[in-house]
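Chemist: Below is one structure. I have some questions about it.
Okay, here's the thing in structure tokens:
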């Protein structure tokens, strides 16, 4: 059986974190972080993630800022932003590259829709992997 792709979920709301974990734990090796600083620490320890899902609105930094920091080191990671406000993506003056977002999902989201988007992101990640990587 092939090794599961790594997926990180980042949300400062524990209920959302737990829901996302339960949604993806069977298909992915899931890492949970309750804030962006913890997420960056996990990246230091575990390396590149295939997919990262993050809430946009968090105390220490936005999801977009986290994605910027993540993709500087791991440009192949596919980033999915969860937000309740469409203007978050357009108006974030602290994000230098909107292109780091693979998809933006509006809250409340459908778990089935999110699963489909995450699977699509994992498929794109796999296609972009070097041939000798496994």
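Residue numbers (the working numbering): 7 to 140.
Glycine is no exception: its CB is placed at the ideal position from the N, C-alpha and C atoms.
With burial defined as no fewer than 16 other Cβ atoms inside 10 Å of the residue's Cβ, what is the status of residue 116: buried or exposed?
Modeler: exposed
Chemist: To the nearest angstrom, how far is it from the Cα of residue 122 to the Cα of residue 36?
Modeler: 16 Å
Chemist: Assuming the contact rule is C-beta atoms closer than 8 Å, residue 77 and residue 83 should be a hit. Round their C-beta distance to whole Å, please.
Modeler: 6 Å
Chemist: Using 8 Å for Cβ pairs, my map puts residue 47 next to residue 65. What's the rounded Cβ distance?
Modeler: Contact flag wrong, Cβ pair sits at about 16 Å.
Chemist: With H, G and I counted as helix, E and B as strand and the rest as coil, what does DSSP make of residue 20?
Modeler: helix
Chemist: Given that a residue counts as buried once 16 or more other Cβ atoms are within 10 Å of its Cβ, and exposed if not, what is residue 118?
Modeler: exposed
Chemist: Do you know how far the Cα of residue 34 is from the Cα of residue 28?
Modeler: Pairing residue 28 with residue 34, the inter-Cα distance amounts to about 11 Å.
Chemist: Please state the DSSP three-state secondary structure of residue 132.
Modeler: helix
Chemist: Give me the Cα-Cα distance between residue 69 and residue 106, rounded to the nearest whole angstrom.
Modeler: Cα to Cα, residue 69 sits roughly 11 Å from residue 106.
Chemist: According to the neighbour-count rule (16 or more other Cβ atoms, all chains shown, within 10 Å of its Cβ), is residue 133 buried or exposed?
Modeler: exposed
Chemist: Let me check understanding here. Comparing Cα to Cα, which of 43, 125, 32 lies closest to residue 75?
Modeler: 43
Chemist: Could you spell out where the alpha helix (DSSP H) holding residue 56 opens and where it closes?
Modeler: Taken as a continuous stretch (DSSP letters only), residue 56 belongs to no alpha helix (DSSP H), as it is neither H nor E.
Chemist: In the DSSP assignment, find the alpha helix (DSSP H) that holds residue 79 and state where it starts and stops.
Modeler: Residue 79 -> alpha helix (DSSP H) spans 69–79.
Chemist: With DSSP as the reference, label residue 27 as helix, strand or coil.
Modeler: helix
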